[in-house]
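Residue numbers (my numbering): 34 to 330.
All C-beta atoms in this analysis are idealised placements derived from N, C-alpha and C, irrespective of residue type, glycine included.
Notes to accompany the following structure.
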């Protein structure tokens with residue numbers, strides 16, 4: 034872990050759609066603190082998702098430290114502009130789940146998150162690239178991708194409960210599907226409810242899907258929930274919040290840097306909880322792709 038002792042110039046990029054439109058309120062608290070401390074900063078509110086990366090690139094060219102104000106999806110779009118750069122990137126969690134921030138224990142309180150930025154501690158963090166799309170936290174195939182799509186449709190109404198509501202709805206209809214999984218050249222064929230490719234430990238607003246994931250080690254934790262009954266799946270679900278599901282024989286765990294997923298029927302794919310097409314899927318982990326401002330250990 035490195036430390037930047039001096040305060041820099043900060044450029045905050047706010048996604049107004051994050052957290053069902055409540056991210057600007059989070060930003061206002063952070064902004065008030067920045068002003069009270071006399072910190073040199075500028076900010077922009079993005080008009081659309083495509084503009085997130087454009088704003089980030091322009092800010093870096095002007096010598097700013099860029100800070101994402103939004104959720105995992107906001108962060109991954111901004112982070113994609115930083116791959117291979119030593120320029121530090123900050124994060125103020127302002128999304129529905131904030132699962133990537135949870136892995137690094139970045140505070141959800143905006144004032145405390147700003148204090149993390151000012152402390153200047155950085156760590157080199159891995160990113161995943163999936164079919165030419167970047168993700169920072171977890172990508173998935175199958176049931177969890179269907180759940181992510183449904184959760185995005187209902188999160189304005191259900192907020193933090195959207196993922197669980199979507200999961201129970203999709204469990205009524207989804208069937209485990211045959212898949213071919215390749216991990217660093219080794220092949221597995223099975224029927225699966227879902228495949229999670231985890232860089233971070235959490236998804237779905239606090240589910241510890243991959244308790245041993247380390248976003249700095251250059252590999253993914255690959256979690257496969259095989260063909261079990263719906264009742265068995267429901268019994269398994271509470272264990273995910275503590276990470277104990279990985280002790281169940283029906284849950285198979287692997288590690289790898291290059292992953293490919295094929296299926297006879299195209300299956301839904303998500304990247305950090307956002308719909309990202311269908312299988313076939315190729316994923317690669319890029320070690321130390323970005324420098325992230327994090328709390329001091």
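Does the beta-carbon distance from residue 136 to residue 93 come in below 8 Å? Here residue 136 corresponds to residue number 103 of the chain shown, with the count starting at 1. Here residue 93 corresponds to residue number 60 of the chain shown, with the count starting at 1. Not a contact, by the Cβ cut-off of 8 Å.
Note down, one range per segment and in chain order, each alpha helix (DSSP H) of at least 4 residues found wholly within the region 195-282. 195-204, 263-269
Assuming residue 319 contacts residue 162 (C-beta within less than 8 Å), just tell me the rounded distance between them. Mapped onto the chain shown, residue 319 falls at position 286. Mapped onto the chain shown, residue 162 falls at position 129. So it is a contact: roughly 6 Å between Cβ atoms.
Which same chain residues end up closer than 6 Å to residue 72 when comparing Cβ atoms and leaving out the 5 residues on each side of it in sequence? Translated into positions along the chain shown, residue 72 becomes position 39. Same-chain partners within the cutoff: there are none.
Under 8 Å by Cβ, that's how I've got residue 268 and residue 217 pegged, so tell me the actual separation to the nearest angstrom. Along the chain shown, read from residue 1 onward, the residue named residue 268 stands at position 235. Along the chain shown, read from residue 1 onward, the residue named residue 217 stands at position 184. Contact flag wrong, Cβ pair sits at about 32 Å.
Just reading off the beta strand (DSSP E) that residue 45 is part of, what are its end residues? For the purposes of this step, residue 45 is taken as residue 12 along the chain shown, with counting starting at 1. 43-47 is the span of the beta strand (DSSP E), which, as asked, contains residue 45.
Same chain only: Cβ atoms within 7 Å of residue 252, ignoring 5 sequence neighbours per side: By one-based count along the chain shown, residue 252 stands at place 219. So the qualifying residues of the chain are 288, 289, 290, 318.
Taking C-beta to C-beta, are residue 335 and residue 63 nearer than 8 Å? In the structure displayed, the chain extends from 34 to 330; residue 335 sits before or after that span and is not available.
Considering just the uninterrupted stretch of the beta strand (DSSP E) at residue 93, what are its terminal residues? Counting from 1 along the chain shown, the entry for residue 93 is found at position 60. Residue 93 -> not in any beta strand (DSSP E); alpha helix (DSSP H) instead, spanning 82-94.
Cβ pair residue 233, residue 132 closer than 8 Å: Start at 1 with the first residue of the chain shown, and residue 233 comes out as number 200. Start at 1 with the first residue of the chain shown, and residue 132 comes out as number 99. Contact flag set, yes.
When the Cα atoms are used, what is the spatial distance from residue 323 to residue 294? Here residue 323 refers to the residue found at position 290 when the chain shown is read from its first residue. Here residue 294 refers to the residue found at position 261 when the chain shown is read from its first residue. Distance between the alpha carbons of residue 323 and residue 294: 26 Å.
Would residue 102 and residue 47 be called neighbours here (beta carbons separated by less than 8 Å)? Taking the first residue of the chain shown as position 1, residue 102 is located at position 69. Taking the first residue of the chain shown as position 1, residue 47 is located at position 14. Yes, the pair counts as a contact, with Cβ atoms nearer than the cut-off.
Closer than 6 Å by C-beta to residue 316: which residues in its own chain qualify, once you throw out the five before and the five after it? Chain order, please. Here the question's residue 316 lines up with position 283 in the chain shown. Cβ within range, chain order: 161, 163, 230, 292.
What residues in its chain sit with their C-beta under 6 Å from that of residue 313, if we drop five residues either side in the sequence? On the chain shown, residue 313 is found 280 positions in, with the first residue counted as 1. For residue 313, where only same-chain residues beyond five positions count, the Cβ hits under 6 Å are 295.
Thinking C-alpha only, which one of 67, 66, 117, 127 is nearest residue 50? Numbered from 1 along the chain shown, position 17 holds the residue referred to as residue 50. The residue with the shortest Cα to Cα distance from residue 50 is 127.
Terminal residues of the continuous beta strand (DSSP E) containing residue 325? The residue you call residue 325 lines up with position 292 of the chain shown. Segment 314-326, the beta strand (DSSP E) holding residue 325.
Measuring straight from C-alpha to C-alpha, what distance separates residue 129 and residue 224? The sequence position of residue 129 within the chain shown is 96, counting from 1. The sequence position of residue 224 within the chain shown is 191, counting from 1. Those two C-alpha atoms are separated by around 31 Å.
Any contact of the region 259-266 with the region 189-202, i.e. 3+ C-beta pairs under 8 Å? no
Give me, in chain order, the residues of the same chain whose beta-carbon lies closer than 6 Å to that of residue 28; leave out the 5 immediate sequence neighbours on both sides. No answer is possible for residue 28: it lies beyond the span of the chain, which begins at 34 and ends at 330.
Quick one: measure Cβ to Cβ for residue 264 and residue 149, integer angstroms, because I've assumed they're closer than 8 Å. Taking the first residue of the chain shown as position 1, residue 264 is located at position 231. Taking the first residue of the chain shown as position 1, residue 149 is located at position 116. That belief does not hold up - the Cβ atoms of residue 264 and residue 149 are roughly 43 Å apart, past 8 Å.
Near residue 80, what residues of its chain come up, given a Cβ to Cβ distance below 7 Å and the 5 sequence neighbours on each side ignored? Counting from one through the chain shown, the residue named residue 80 turns up at place 47. Answer for residue 80: no residue qualifies.
Around the C-beta of residue 96, are 16 or more other C-beta atoms found within 10 angstroms, so that it is buried, or is it exposed? The count along the chain shown starts at 1 and reaches residue 96 at position 63. Exposed.
Per DSSP, cross-strand counterpart(s) of residue 75: The count along the chain shown starts at 1 and reaches residue 75 at position 42. According to DSSP, which records beta bridges pairwise, residue 75 is partnered with 44.
Please classify residue 68: is it buried, with 16 or more other beta-carbons within 10 angstroms of its beta-carbon, or exposed? Translated into positions along the chain shown, residue 68 becomes position 35. Classification for residue 68: exposed.
Rounded to the nearest angstrom, what separates residue 166 and residue 66 at their Cα positions? Numbered from 1 along the chain shown, position 133 holds the residue referred to as residue 166. Numbered from 1 along the chain shown, position 33 holds the residue referred to as residue 66. For residue 166 and residue 66, the distance between alpha carbons rounds to 35 Å.
Span of the beta strand (DSSP E), counted from its first residue to its last, around residue 125: Your numbering for residue 125 matches position 92 in the chain shown. Looking at the DSSP string, the run of the beta strand (DSSP E) that includes residue 125 is 121-126.
Boundaries (first-last residue) of the beta strand (DSSP E) holding residue 301: Working through the chain shown from its first residue, we reach residue 301 at position 268. Where residue 301 is concerned, the enclosing beta strand (DSSP E) stretches over 301-304.
Would you check if the distance between the CB atom of residue 274 and the CB atom of residue 239 is smaller than 8 Å? What you label residue 274 is simply residue 241 of the chain shown in a count that begins at 1. What you label residue 239 is simply residue 206 of the chain shown in a count that begins at 1. A contact, by the Cβ cut-off of 8 Å.
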